[in-house]
Amino acid sequence: GSHWGAYNAKFEPRPAALAISLFSQHFGEKKLSYSIDHNPTFDISARGQVPSLKGVPYLSTYVSKNDQGNKLYLMAINKHSLADMRSDIIINNAEVKNEARVYTLNGPSLHAKNETREEVKITESKINNASNNFFYTFPAHSVTVIEIDYNLEIEETPPAPPPVGGPPQGEQVTTPSQIVTAPGPGGGPHVRSFDRYGTPTMVNFFAFASNFHGGVSVAYSDINGDGQKEIVTGAGPGGGPHIRAFRENGEEVINFFPFHPNFRGGINIATGDVNGDGRDEIAV
Numbered sequence: 001g002s003h004w005g006a007y008n009a010k011f012e013p014r015p016a017a018l019a020i021s022l023f024s025q026h027f028g029e030k031k032l033s034y035s036i037d038h039n040p041t042f043d044i045s046a047r048g049q050v051p052s053l054k055g056v057p058y059l060s061t062y063v064s065k066n067d068q069g070n071k072l073y074l075m076a077i078n079k080h081s082l083a084d085m086r087s088d089i090i091i092n093n094a095e096v097k098n099e100a101r102v103y104t105l106n107g108p109s110l111h112a113k114n115e116t117r118e119e120v121k122i123t124e125s126k127i128n129n130a131s132n133n134f135f136y137t138f139p140a141h142s143v144t145v146i147e148i149d150y151n152l153e154i155e156e157t158p159p160a161p162p163p164v165g166g167p168p169q170g171e172q173v174t175t176p177s178q179i180v181t182a183p184g185p186g187g188g189p190h191v192r193s194f195d196r197y198g199t200p201t202m203v204n205f206f207a208f209a210s211n212f213h214g215g216v217s218v219a220y221s222d223i224n225g226d227g228q229k230e231i232v233t234g235a236g237p238g239g240g241p242h243i244r245a246f247r248e249n250g251e252e253v254i255n256f257f258p259f260h261p262n263f264r265g266g267i268n269i270a271t272g273d274v275n276g277d278g279r280d281e282i283a284v
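Residue numbers (UniProt numbering): 1 to 284.
Set out below in structure tokens:
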């Protein structure tokens, strides 16, 4: 009889091969212009022949559409090893369908390589909140493609210019007083607001990934001088030194790291006009 026994081997694709597959199958033929604001950055120290890099964005994005002109592709690479990145996505000149497909390349950690088992893989899911202005949270150490169907390109109408001289003399924009709360260490990142009678008001969102339980430090202050107060949040112990500020409807206006991303001691937030310019600054 033969001395050769039956042998079955299963070879798992490496992450780089999966990334190429994701790009080739779920990215369009025509690249589109885009812009990204308030993107947190990090620095890379020089190693061997590789020079140091300053201000590397944590989130790299690419946008395209197919030749038929009915599918839009938003690709995002989150390079952070621990932090999810929530992004507000604004799409101009298109009528967007609400349901979209999401393809995510990810694994248990930044260092997973599929050497002995399938740890890194591409998963498919759906979202139902796609529109001309929606948000999506990109998981840590992941590559994500959001595939959006759209029906019709529409002509962009420029906004009307503001009245000459600004608002009428004596007119003021005010924000009603309210109590803004967030759980301390051990709680989730749920930010809520109440009036003085304990009745919930407009603010109700998660400042960070919903599975983060380090607590949130919160301040309520006008930090950009627009007459409306923003909710400024800092991740508690166990999270990175992540600061995010939001309008009352949950729209993000500020996103940055004041310290090295590997710091895990937590952030305590305070706000106030420390330099006398009429605008409140953030102190940590």
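In this text, a Cβ means the ideal position worked out from N, Cα and C, and glycines have one as well. Small disclaimer: the values here were computed from a predicted structure and weren't measured.
Where the beta strand (DSSP E) through residue i begins and ends
i	result
LEU74	71 to 78
residue 314	For residue 314 there is no data in the structure shown, the boundaries of the chain being 1 and 284.
residue 287	Coverage of the chain is limited to positions 1 through 284, which leaves residue 287 absent and any answer about it impossible.
ASP273	Looking at the DSSP string, ASP273 is not in any beta strand (DSSP E), and its letter there is neither H nor E.
PHE134	133 to 138
Residue i classed as buried or exposed, judged by whether at least 16 other C-beta atoms fall within 10 angstroms
i	result
ALA94	buried
PRO158	Residue confidence is low: PRO158 scores 44 on pLDDT, short of 50, so the model does not pin down where it sits. No coordinate-derived value is stated.
SER210	exposed
ILE223	buried
ILE20	exposed
GLN172	Because GLN172 sits at a pLDDT of 40, beneath the cut-off of 50, its placement in the model cannot be relied upon, and the point is left open.
ASN92	exposed
GLU248	buried
PHE135	exposed
LYS65	buried
LYS31	exposed
ASP226	exposed
ASP280	buried
LYS113	exposed
SER35	exposed
residue 320	The structure shown does not extend to residue 320, since the chain is modelled only from 1 through 284, so no value can be given for it.
residue 323	In this structure the chain extends from 1 to 284, so residue 323 is not present and cannot be described.
Residue i at chain B interface by Cβ criterion, 8 Å
i	result
ALA76	The chain labelled as chain B is not found in the depicted structure, where only one protein chain is given.
For residue i, the first and last residue of its enclosing alpha helix (DSSP H)
i	result
PHE23	15 to 25
For residue i, the residue or residues it bridges with in DSSP
i	result
THR41	PRO57
ILE254	ALA245
ASP149	LYS71
ILE179	PHE194
ARG47	VAL50
Beta-carbon separation (whole angstroms), residue i vs residue j, contact threshold 8 Å
i	j	result
ILE254	THR271	Actually they do not touch by this definition, with Cβ atoms about 11 Å apart.
PHE212	ALA235	7 Å
GLU180	TYR220	For clarity, residue 180 is Val in the given sequence; the question names Glu instead. Between TYR220 and VAL180 the Cβ distance is about 5 Å, and since that is below 8 Å, they are a contact.
VAL145	MET75	5 Å
ILE44	SER60	The Cβ separation is near 14 Å, so there is no contact.
ASN98	ASN128	6 Å
VAL56	THR41	6 Å
TYR150	VAL102	The pair is not a contact, with the Cβ atoms about 16 Å apart (cut-off 8 Å).
VAL216	PRO189	5 Å
SER81	LEU110	5 Å
GLY276	PRO237	With a Cβ gap of about 33 Å, GLY276 and PRO237 do not count as contacting.
LEU22	ILE122	6 Å
Entirely enclosed beta strand (DSSP E) segments - the stretch 181 to 246, minimum 3 residues: 190 to 194, 200 to 206, 216 to 221, 230 to 235 and 243 to 246
For the stretch 80 to 128, which segments carrying the beta strand (DSSP E) assignment without a break, of at least 3 residues, lie completely within its bounds, in sequence order? 85 to 90, 96 to 106 and 121 to 127
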